[in-house]
Amino acid sequence: MIRNRKRWWLAGLTLSLGGGFFASVGCLPRQTETSRAQAEYDPEKDSDATIGGKTVIGNTEPIAVSAVGLVYNLKGTGSSPQSDGWREQLEKNFKKRNLNPKRFLEDPTKSTSLVLVSGVIPPGARNGDKYDLLITLPQGSKTTSLQHGVLDTCDLTNFEQISNLRESIIVAGFNSNKGPQGADGLLLGGRLATGEGTLVSGSVIPVKQDTNGEATIDTELAATDNPALRVAKVWGGMTNVYDRPYHFLLNGEGSQPRLAMVIAARMNSVFHGGGERAGKVAEATVKGRPLVSASVPASYRLNHQRYILVARNILLSPPAANDPIRKKLDQELLIPETTIQAGIKLEALGSEAESSLRVGLEDRECPWVRFSAAQSLCYLGKADEKVARILSECAEKHLSMRTHALLALASQDDAPCVNALVELMKRSDVSLRYGAYAALRASDENNEAIRGRRMANSYWLHTIATESESLVHLTTERRNEVVLFGHAWPITGDFAFPLGNEFTITRKAGDETVVISRIVEKDGEPTTLSAKYRPDLAHILKGLAEMGASYTEAVEFIRRLHAADALACKLAVDAQPRGFTIQELSKLARKDPLAREADLLARKSMGSAADTGIAQTGGFDITTAAEEKANAPKAPIVPMRNRDPGRLFD
């Protein structure tokens with residue numbers, strides 16, 4: 002009997018590991034019986050209650066995943082791994098694929114290396130979503146450089162300390178005797194993601210901020226910079242293989258199955274019409290303590306923060322048009338101090354709030370009101386030419402609103418929103434131009450206005466907004482790409498730039514062409530191959546790719562041009578706009594109705610740490626001024642001192 006119990010527990014653990022057990026074991030509910038009275042929850046008797054008042058959000062922690070992998074295509078800088086646990090694990094992985102490990106691990110040309118692969122799966126991730134990978138070398142590795150390497154396909158798993166897992170099981174109310182016993186150590190989970198792709202190593206770009214908050218290459222540091230070649234990234238190299246929905250866990254007296262069903266129904270009614278990309282919106286599951294499991298709808302896929310804010314403000318009983326709650330929200334939308342919160346709450350009513358939100362579009366005095374109303378209409382799928390125009394104006398004129406306005410436009414694939422982003426890419430403001438491009442790429446990377454070309458299977462080259470001012474943009478994070486705005490990027494002057502150990506780019510005085518040379522081995526002897534190209538950056542980058550140069554050489558060439566003042570157009574690095582959280586915007590709107598001080602503050606804070614591509618998170622609720630005042634810590638009461646001269650102490 003005991004033996005059968007052990008088998009049952011291990012089987013259950015194995016199934017749970019495959020579904021992300023370690024991410025949720027800490028919040029497993031105790032098995033309790035549900036009374037008849039609890040099951041008969043009536044939402045009409047609790048008309049002003051919200052989902053946020055009845056639930057807490059779960060499954061919000063990122064999951065760390067890792068693997069032991071193999072990098073190939075190294076240029077004689079690899080090594081054979083030493084005999085240890087890492088090698089044993091990699092050999093097992095090769096044998097599962099019916100491959101001979103020695104063929105890859107004992108390469109005499111030193112073109113391979115064992116590496117450690119790690120990544121993070123964020124909350125709300127969907128099956129097929131892509132994230133970045135960090136590639137490092139184990140201690141004692143003799144590999145000298147990961148440059149030019151390619152990561153072979155590998156499976157990434159989560160892990161947990163056995164002692165932590167045992168403690169979580171006890172806290173959850175289960176019998177600790179059924180948990181993992183014995184000494185502490187790592188317990189590996191199931192396959193949560195796969196990894197592969199081209200490594201980027203040694204192309205770190207030294208940057209500095211100019212007076213406008215835009216990043217440019219630090220030419221002095223670039224001349225002496227010696228990037229670490231033993232660490233690499235694979236941008237977008239990890240593919241998630243399972244869904245991570247958010248959990249709305251019922252709290253306290255609200256833990257009834259009937260209430261869980263009401264919450265799921267209300268979420269489905271508000272977040273309906275998400276299209277094929279939205280998938281399943283919400284599903285209530287009753288296991289002891291009920292919870293609602295909800296995936297992020299398509300409209301909010303770039304802004305999970307807003308999705309949770311809206312979901313938590315959904316009323317359990319939808320108000321009628323003449324309900325006092327509804328009338329109060331209509332009034333608060335038109336007041337700068339409350340417009341941000343009111344927009345979220347009206348958005349939580351769903352499509353029936355459209356008429357109220359459109360009234361906010363007509364406000365001519367306060368940009369916050371127009372911004373709040375247009376943003377909510379966009380996420381509700383009600384964007385038209387007017388909504389897109391207002392969001393475009395907010396992004397262009399108000400730096401404090403730029404990030405959220407661009408995200409709202411990117412949330413929809415309707416023509417008005419797409420056209421607005423395309424037009425914003427033509428403006429003179431570098432941050433606005435690149436921000437609009439990044440938003441459109443996040444929305445639809447195959448859009449004709451931004452479609453890129455894969456260069457040497459190493460990076461993307463985008464030539465966009467051809468009728469606008471010329472600009473070259475590089476990134477130090479998130480993606481291997483070079484973005485060229487305009488139609489020409491001339492190269493001037495005379496130079497001779499070595500790129501790595503193989504390439505040299507030269508332009509001699511009076512010569513109308515640029516020569517790209519590469520040293521290759523032919524018949525055991527080094528041979529030089531050369532080709533001529535016109536002095537334009539786009540043309541030379543294509544020539545480098547044709548001759549086998551990677552992203553590392555492309556970035557190195559651009560930064561050397563900049564350092565030599567040979568690039569006859571503006572260069573920007575990481576010009577993604579940095580924004581405020583929705584909570585911070587709410588506070589700014591209370592004190593600054595015209596957003597003038599907020600825009601100045603946003604410009605001063607450019608270049609500070611911020612999430613690129615997805616709005617920053619700032620919690621799951623927005624508090625009003627009255628709530629902040631009520632919750633503010635009160636000053637301690639200091640008793641008055643006794644002034645009686647006959648007393649020595651109080």
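The working numbering puts the sequence shown at residues 2 to 651. All C-beta atoms in this analysis are idealised placements derived from N, C-alpha and C, irrespective of residue type, glycine included. If you're wondering where the values come from, they're calculated on a predicted model, not measured in any experiment.
Within the same chain, T199 come within 7 Å of N458 by CB-CB distance, once the 5 residues on both sides are set aside. Taking A421 as the centre and dropping the five residues before and after it, the same chain places the C-beta of A389, S393, L410 closer than 6 Å to its C-beta, in chain order.
Here the segment 586-594 makes no contact with the segment 511-530; the two share fewer than three CB pairs at distances below 8 Å. Between D331 and S373 a beta carbon distance of about 13 Å is seen, past the 8 Å cut, so the two are scored as non-contacting. The beta carbon of T158 lies closer than 8 Å to those of V66, S67, A68, L189, G190, G191, R192, L193 in the same chain, with the five residues before and after it left out. When the five nearest sequence neighbours on each side are left out, the beta carbons in the same chain lying within less than 6 Å of the beta carbon of T145 are those of T78, in order along the chain. In this structure the segment 70-89 lies against the segment 114-122, because at least three pairs of beta carbons, one per stretch, are closer than 8 Å. Linking P417 to A497 through their CA atoms gives a straight-line distance of about 47 Å. In terms of Cβ geometry, L462 and L568 do not form a close pair [threshold 8 Å]. At a cut-off of 3 residues, not a single continuous stretch assigned as beta strand (DSSP E) sits fully inside the segment 335-401. Look at the beta carbons and you see the segment 437-448 not touching the segment 541-555: under three pairs across the two are nearer than 8 Å. Note on geometry: alpha-carbon atoms of D133 and R480 lie some 9 Å from one another. Straight-line spacing of the CA atoms in D47 and L407 works out to 37 Å. The C-beta distance from A489 to S471 rounds to 6 Å, short enough to meet the 8 Å contact threshold. Taking C-beta atoms under 8 Å as the contact rule, L251 and T61 fail to qualify, at a distance of about 16 Å. E366 sits exposed, since fewer than 16 C-beta atoms from the chains shown fall within 10 Å of its C-beta. Counting along the chain, H563 sits inside the alpha helix (DSSP H) bounded by residues 552-564. Rounded to whole angstroms, S551 and L100 show a C-alpha spacing of 28 Å. Its Cα nearest to that of R313, the residue I345 stands out among I345, T339, E333, P325.
Comparing alpha carbon positions, the residue from V201, T404, E89, D566 closest to D495 is D566. Excluding its 5 nearest sequence neighbours in each direction, V232 has C-beta neighbours in its own chain below 6 Å: T137, listed in chain order.
The Cβ-Cβ distance between S432 and P578 falls below 8 Å. For E526, the enclosing beta strand (DSSP E) stretches over residues 526-534. Judged by beta-carbon spacing, Y380 lies beyond the 8 Å limit of R442, meaning their Cβ atoms are not closer than that value. Scanning its chain for C-beta atoms nearer than 7 Å, with the 5 sequence neighbours on each side dropped, one finds around W236 the residues D133, V201, R479, R480, N481, in chain order. Cβ-Cβ distances below 7 Å link E386 to P417 in the same chain, with the five nearest sequence neighbours on each side left out; the list follows chain order.
Around the C-beta of A354, 16 or more other C-beta atoms lie within 10 Å, and the residue is accordingly described as buried. As computed with DSSP, K571 is found in a beta bridge with L472. Apart from the 5 residues on each side of it in sequence, E107 sits with its Cβ closer than 7 Å to the Cβ of S81 in its chain, given in chain order. With distances taken between CA atoms, D593 lies nearest to S401 out of F621, S401, N502. Listed in chain order, the non-local C-beta contacts of S270 below 7 Å within the same chain comprise G351, local neighbours out to five positions each way being set aside. Of the other Cβ atoms in all chains shown, fewer than 16 fall within 10 Å of the Cβ of H273; this residue is therefore exposed. With a cutoff of 8 Å on beta-carbon distance, M548 and A532 are scored as near each other. The beta-carbon separation of L230 and H149, rounded to 10 Å, does not stay under the 8 Å limit for a contact.
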